[in-house]
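Data block below; observations after.
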Amino acid sequence: MIGRIRSNSMERAIQAIIQQPVVCVGADDSIESVQQTLDKNRLHCVPVLDAQGGCFGVISAQDLVHFHVLNKNAKAERAWEACSHKVIEVASGASVREVAELMMAHHIHHVLIMEAGDILGIVSSVDIIRHCFDCMNL
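Position 61 (the sequence shown) corresponds to 61 in the working numbering; numbering is contiguous.
Right, dumping it as structure tokens:
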């Protein structure tokens, strides 16, 4: 056996492993600009904010693959047109286990961590795997 994950490690608050600071894009940003933001920051997902600063959606690398398969114009199309509008979010007090279960149930790889309408961070499935690996008894 390589190692076992400490049982209490999955009960830690998700806030302990969130990605900060959060890089966001505007709803009216071009897809070309979104791609540059993802590349520059080495990210796979960014929240899309509306004009008031609220979370309008999330755009991921997978959304961009779909966008390009449809052969759309990255300079003309806007983030709001390509983003996922059904945003899955959790409070900072949620456990790592709860977030992992939510990701599995919804077949997603990123979850926004929110408090009082503000985005505190993002957690990816890779972050959870990394957390589990770090908590292994080797």
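Beta carbons are placed, not taken as given, at the ideal position from N, Cα and C, and that holds for glycine.
As the structure is a prediction and not an experimental result, all values here were calculated from the model.
Within the same chain, and ignoring the five residues on either side of SER92 in sequence, the residues whose Cβ sits closer than 6 Å to its Cβ are GLN15, ILE113, GLU115, LEU120. Following the DSSP letters along the chain, one finds ALA91 in no alpha helix (DSSP H) but inside the beta strand (DSSP E) bounded by residues 89 to 91. Taking a cut-off of 8 Å on C-beta distances, the region 100 to 110 does not touch the region 71 to 82, as fewer than three cross pairs fall below it.
Listed in chain order, the alpha helix (DSSP H) elements of length 4 or more contained wholly in the region 22 to 58 are 31 to 41.
Taking 8 Å as the cut-off, the beta carbon of ILE122 is found closer than this to the beta carbon of CYS45. Here the alpha carbon of LYS75 sits roughly 12 Å from the alpha carbon of HIS68. By DSSP's assignment, ASP118 forms a beta bridge with GLU115. If you check the CB distance, LEU49 and ALA27 come in under 8 Å. Between GLN19 and SER30, the alpha-carbon positions lie close to 24 Å from each other.
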